[in-house]
Structure formats: C-alpha cells, structure tokens
Amino acid sequence: MRLQTGRDSTGEIPGPANYSLYNRSGSRKPGTRARTSPYLNSRCEEMILPLDVVIAACENNDTGSFILPDVLNRFNGISLCDTVVFACATNTSLGYELMDVVFLHNGEDWSTQAKLVELFCRTAASCGNFRALKHARQRSSNLNIDGQFFEMAPPGIVDPEKMEDLITLCDRDILKFDLLLRLAEGESAEANIEMMQRILVRPEVDRIDGEIYISAAKRMSSGGEALLKLLRSSRGNTFLDGNLMSGSLSCRNLGTSVMLIHEDMVSISEHDLIKAASNILQAIGMLILLWNRDNSLRITEDVIKAAAGNWNQGVQALGFLWSKDNSLKITGDVLEAAASNEHQGVKVLRFLWSKDSSL
Numbered sequence: 000m001r002l003q004t005g006r007d008s009t010g011e012i013p014g015p016a017n018y019s020l021y022n023r024s025g026s027r028k029p030g031t032r033a034r035t036s037p038y039l040n041s042r043c044e045e046m047i048l049p050l051d052v053v054i055a056a057c058e059n060n061d062t063g064s065f066i067l068p069d070v071l072n073r074f075n076g077i078s079l080c081d082t083v084v085f086a087c088a089t090n091t092s093l094g095y096e097l098m099d100v101v102f103l104h105n106g107e108d109w110s111t112q113a114k115l116v117e118l119f120c121r122t123a124a125s126c127g128n129f130r131a132l133k134h135a136r137q138r139s140s141n142l143n144i145d146g147q148f149f150e151m152a153p154p155g156i157v158d159p160e161k162m163e164d165l166i167t168l169c170d171r172d173i174l175k176f177d178l179l180l181r182l183a184e185g186e187s188a189e190a191n192i193e194m195m196q197r198i199l200v201r202p203e204v205d206r207i208d209g210e211i212y213i214s215a216a217k218r219m220s221s222g223g224e225a226l227l228k229l230l231r232s233s234r235g236n237t238f239l240d241g242n243l244m245s246g247s248l249s250c251r252n253l254g255t256s257v258m259l260i261h262e263d264m265v266s267i268s269e270h271d272l273i274k275a276a277s278n279i280l281q282a283i284g285m286l287i288l289l290w291n292r293d294n295s296l297r298i299t300e301d302v303i304k305a306a307a308g309n310w311n312q313g314v315q316a317l318g319f320l321w322s323k324d325n326s327l328k329i330t331g332d333v334l335e336a337a338a339s340n341e342h343q344g345v346k347v348l349r350f351l352w353s354k355d356s357s358l
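If you're matching positions, the sequence shown starts at 0 in numbering that gives the first Met the number 0 and goes up one per residue.
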C-alpha cells in the first residue's frame, strides 16, 4: 500500500509511525490526536498549534518546564485561561513553575490575576497538590483571597503517608488553623489523632484556637473525646471560651460533654442551658450533666422556650426544668414556642397548662 504524503488539516504528515491515525483518503480518523516527531518539530513554525498542545505541555510532569516555553511562543491563541490554569494546578511536580511560565508569557503576575489564582489554589487543593498551593498563596498574598483551601481536599488526600511532606510545606497559619481544623472536623478518628499529634509537636503551633476545640467537640462520629484530650494535653496556653461547651451540647455525643464538665474546662452559661434544652436527642442527658456540675443554675425564660420548642424531647426537658424549680413562670413567648412545636406541640401545651391553672 502506498502511503499518503500530503499534510492533513493539522499540518501533520502521515508516515509509517502514525499511519494508523489516518483513513485511506489520508484524512485523520475521528478521536485521534497528533503525535509530534523531530521532523514535525523542525517545521512547527508553519503549524497553528491548538490549545490542546498547550494543555498537554502543562500536564507534563517530567519535561513540561522545557516544552511549555517553546509551545507558548508558537501558540497564537489565549493561553491565560481557565483550562490552562486547571492543567497547571493538577501537575503535582511542576504545577507552580508552569503557571509562572504562563503568567510571564502573558506579561502578568500572580499578584494581578485574583480569579485565576483562586482557581489555581482551589484546583491544587482538590487534588492534594499542596506544594503548588503553598507557593501560589505566598506569591498572591496581596490579593487577600478568601477560602479554607485545605477543606476542599478529599478525605483521602490528607493521610499519614503524606503528612510529613505536607507539614514541611505549610506555613505557621496553615498548620495552626486550616489543617488542624480539617483534622478536627474529619471522620477518621484514629488517623486524625495520629496526624494531629505530628502537627501539635511542631514549634510553630504555639497556640490552639478555640474553633479547633469546638470542631472536635461537635464531631458526629466517635473520637471527639480523644481529640479533645489530645488538644487539652498538648498546650498549656490554649484559648477556650463558652462556645466550646455550646459546641459539645449541640451534638449527639454525650461523651464530649462529660469530659468537658468533669475536667472543669469551661464554665456553664445561659447559652449552654439553651443548647442543652433544645438538643433533640440528648436534652435530658445534657441537662442532668450540667446540673450535676452546678446545682445552682438559674432557669431563664429563654431556657424554658428552648425546651418548649424541642420537637423530640420537649415534654421531658420541661419536666426536668420544673423538677429543679416548681415556681417557673410561663410567659406568652413560652406558649408561642410550644404552639410552634411541630411534633410535640399538643403535649407541651398540656404540660404547661397543668403547671398554671390560670392559663
């Protein structure tokens, strides 16, 4: 069979090495891509490179930094676009360097392209390209790009095998806030504790923000108690406030609240009583824990309203409150909260009426 020697629509010359890409007429088969060769490289100035070639160079983990400058010089289209940024951000070996080449080629800089830089950061985080993410954030610090980028990474990205490399690339704020918060909120308790231990021993982590404690206390899965104990024992100068207790009282896990109360980590406020009274699954347990800690707690109108509006344990919570103070006043706001209770409204109103014959 005699080979065709004419160029196809992309400018490539069919030959034995790539003959399977062509039909008998010499036109390219659907769905095939051009293959480069030394012969073509010598004549590439005659070709109009498609954007796919730029993207392929950006995805090249090995020699992309050598290929991309030449490709960009011969590309007449718009290279500073979302698809090119995405390709660079997913390159785990050379992503940051290749993005830098694209910016320089277009006369731009990291500090002038907020939307593209944010896209780069989000994409890098989503595929675990933390090296590129760190450099990008450093170069674009003047843009004040918001976003907890480490939270965007899939659960399997941040794992013990990658943790040591990741820690060395993270600056102080990322270690103290982004990464610790992600671990505190995660589902894999055993792995998270192991990784958190590696971070907490770092000298950069000199103080643990209260938000980290709150996230650990609100964990819906098991492991909240262990994480809280680890955080508590890791630093003496921790920052705690009332939100910590409120966070644990909002969750379904009694264990975290038990630990907090018995270790006297925080004081009990009216807000804590409200959170406990409105807890749809553990209202009674939470209230008992709080009163065991301090039997002189004052029951306010807002606490009664929270119990009256509890659609699952409203009657039980009100019964507990009246057992602590039988002279509680029933106001119009309390009755309104009871009337709004979708599941226990009738029972709650009957309970309240039984406590005040004047209603």
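Where is the CB? At the ideal position from N, CA and C, for every residue including glycine.
As the structure is a prediction and not an experimental result, all values here were calculated from the model.
For Tyr95, which residues of its own chain have a beta-carbon under 6 Å away from its beta-carbon, when the five flanking residues on both sides are left out? Ala131 and His134
Between Ala86 and Glu58, is the Cβ-Cβ spacing less than 9 Å? yes
Through-space distance from Lys323 to Gln312, alpha-carbon basis: 17 Å
Select from Leu71, Ala276, Ala338 and Asp61 the residue whose C-alpha is nearest the C-alpha of Leu103. Leu71
Considering only their Cβ atoms, is the gap separating Ile283 from Gln315 smaller than 9 Å? yes
Rounded to whole angstroms, what is the Cα-Cα separation between Gly331 and Leu288? 29 Å
Nonlocal neighbours in the same chain, by C-beta distance under 6 Å from Arg105, ignoring five residues either side: A small correction: the amino acid at residue 105 is Asn; Arg does not occupy that position in the sequence shown. So the list reads Leu79, once near-sequence residues are dropped.
Between the alpha carbons of Cys120 and Leu230, how many angstroms are there, rounded? 29 Å
Looking at the unbroken alpha helix (DSSP H) that takes in Glu300, where does it start and where does it end? Glu300 to Ala307
With DSSP run on the structure shown, which of helix, strand or coil describes Gln137? helix
Leu182 - DSSP class collapsed to helix/strand/coil: helix
Residue nearest to Leu115 in terms of C-alpha spacing, selected from Met98, Asn128 and Phe129: Met98
So, helix, strand or coil for Cys126, using DSSP? coil
What residue range is occupied by the uninterrupted alpha helix (DSSP H) comprising Leu50? Leu50 to Glu58
Flag this pair as yes or no: are the beta carbons of Ile303 and Ala276 separated by less than 9 Å? yes
Pull up the distance between the alpha-carbon of Thr111 and that of Val200, whole angstroms please. 37 Å
For Gln315, name the three-state secondary structure that DSSP assigns. helix
In three-state terms, what does DSSP make of Cys80? coil
Mind checking which residues open and close the alpha helix (DSSP H) that includes Arg292? Ala282 to Arg292
With DSSP run on the structure shown, which of helix, strand or coil describes Val333? helix
Kindly list the residues whose CB is nearer than 7 Å to the CB of Glu361, restricted to its own chain and excluding five residues on each side of it in sequence; keep chain order. Here the chain has residues from 0 to 358 only, and residue 361 is not among them.
Tell me which residue opens and which closes the alpha helix (DSSP H) that Gly344 is part of. Gly344 to Lys354
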